[in-house]
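Contents: one structure, followed by commentary.
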Amino acid sequence: MPSTLKSKILESLEITTSAERGFLAQTIAEQQLPMDDVLEILEMEQPQSMRFSWMLGHICQFDPSYAQPFLRYCFPRRNELKITGFDRTIARLCMFCERALPPELEGEIVSQLFEWLADPKAAVATKHYSVSALGYACANYPELRPELEEVIADQIKICSRAFKHRAMRVLADLDKGKL
Numbered sequence: 001m002p003s004t005l006k007s008k009i010l011e012s013l014e015i016t017t018s019a020e021r022g023f024l025a026q027t028i029a030e031q032q033l034p035m036d037d038v039l040e041i042l043e044m045e046q047p048q049s050m051r052f053s054w055m056l057g058h059i060c061q062f063d064p065s066y067a068q069p070f071l072r073y074c075f076p077r078r079n080e081l082k083i084t085g086f087d088r089t090i091a092r093l094c095m096f097c098e099r100a101l102p103p104e105l106e107g108e109i110v111s112q113l114f115e116w117l118a119d120p121k122a123a124v125a126t127k128h129y130s131v132s133a134l135g136y137a138c139a140n141y142p143e144l145r146p147e148l149e150e151v152i153a154d155q156i157k158i159c160s161r162a163f164k165h166r167a168m169r170v171l172a173d174l175d176k177g178k179l
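For the sequence shown, position 130 (counting from the first letter as 1) is numbered 130 according to our numbering, and the numbering increases by one without interruption.
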């Protein structure tokens with residue numbers, strides 16, 4: 001089955017519409033298909049690796065239970081894989097984990113999320129997903145909140161209004177116990 005799944009994924013990556021790739025992502029999630037044997041697609045050349053990294057986020061959108069296994073594979077390889085915007089994908093996977101980052105990677109992941117959030121060169125989407133994931137981390141570890149507030153205060157001066165709105169929403173949700 002995995003080789004058939006891998007073939008279908010590779011075929012879908014040649015398709016230029018995200019809607020068709022999204023349909024395959026939904027099918028994978030709904031059928032709970034095992035992904036262990038196909039994650040090596042991330043090690044292929046672009047654009048396949050980049051499109052597949054987007055698909056990981058779509059799969060998690062349909063079934064967040066895939067996020068932890070994907071992170072266990074992707075996060076340790078984040079500096080080795082030469083995928084454009086891969087930090088965005090990882091931050092998105094972290095957001096889908098909500099309050100359950102992989103325990104063996106949790107400290108390193110939280111540090112990386114703070115780095116991306118504070119980095120003036122990081123893409124807005126990476127910052128958006130990072131602040132969301134850090135909101136969940138603060139729900140688990142309230143002692144992180146002052147650092148999050150400090151970084152947000154610095155970033156809202158230079159980031160978009162959409163980022164400011166998201167960051168303030170995360171803080172408000174923390175106040176209300178929604179995270």
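Note that CB positions come from ideal geometry on N, CA and C, so glycine has one too.
Any 3 or more C-beta pairs closer than 8 angstroms across the stretch 59 to 68 and the stretch 91 to 103 | yes
Below 8 angstroms between beta carbons: does that hold for R21 and M44?
-> On the sequence shown, residue 21 is found 21 positions in, with the first residue counted as 1. On the sequence shown, residue 44 is found 44 positions in, with the first residue counted as 1. Pairing R21 with M44 gives a Cβ-Cβ distance that is not under 8 angstroms.
Which value, in whole angstroms, describes the spacing of the CA atoms of A100 and L134?
-> The residue you call residue 100 lines up with position 100 of the sequence shown. The residue you call residue 134 lines up with position 134 of the sequence shown. So the two alpha carbons sit approximately 12 angstroms from each other.
Excluding the five sequence neighbours on either side, which residues of its own chain have a C-beta within less than 8 angstroms of the C-beta of L144, listed in chain order?
-> Reading the sequence shown from its first residue, position 144 is the one you call residue 144. Taken in chain order, the residues that qualify are V110, L134, A137, C138.
Check whether the Cβ atoms of P102 and R72 lie closer than 8 angstroms to each other.
-> Position 102 of the sequence shown, counting from 1, holds the residue named residue 102. Position 72 of the sequence shown, counting from 1, holds the residue named residue 72. It is a contact, given that the beta carbons lie within the stated cut-off.
Could you tell me the distance, in whole angstroms, from the CA atom of D155 to the CA atom of Q61?
-> Sequence index remark: in the sequence shown, residue 155 carries index 155 (1-based). Sequence index remark: in the sequence shown, residue 61 carries index 61 (1-based). Here the sequence assigns Gln to residue 155, which means Asp is not the residue at that position. When rounded, the distance between both Cα atoms is 27 angstroms.
With DSSP run on the structure shown, which of helix, strand or coil describes P2?
-> What you label residue 2 is simply residue 2 of the sequence shown in a count that begins at 1. Confidence at P2 is low in this model, with a pLDDT of 49, below 50, so its placement is unreliable and no value can be given for it.
How close, in whole Å, do the beta carbons of V170 and A118 come, if the pair is a contact with beta carbons under 8 angstroms?
-> Working through the sequence shown from its first residue, we reach residue 170 at position 170. Working through the sequence shown from its first residue, we reach residue 118 at position 118. Their Cβ separation, rounded to whole angstroms, is 15 angstroms, which puts V170 and A118 out of contact at 8 angstroms.
Simplified DSSP assignment, three categories, for S53 = Counted from its first residue, the sequence shown places residue 53 at position 53. If DSSP states are grouped into helix, strand and coil, S53 belongs with the helices.
Y136: first and last residue of the uninterrupted alpha helix (DSSP H) it sits in = Locating residue 136 in the sequence shown gives position 136, where the first residue counts as 1. Taken as a continuous stretch (DSSP letters only), the alpha helix (DSSP H) holding Y136 covers 124 to 140.
Which of helix, strand or coil does DSSP assign to V38?
-> For the purposes of this step, residue 38 is identified with residue 38 of the sequence shown, where counting begins at 1. Reduced to three states, the DSSP call for V38 is coil.
Through-space distance from E115 to K127, alpha-carbon basis = Locating residue 127 in the sequence shown gives position 127, where the first residue counts as 1. Locating residue 115 in the sequence shown gives position 115, where the first residue counts as 1. Between K127 and E115, the C-alpha separation is close to 10 angstroms.
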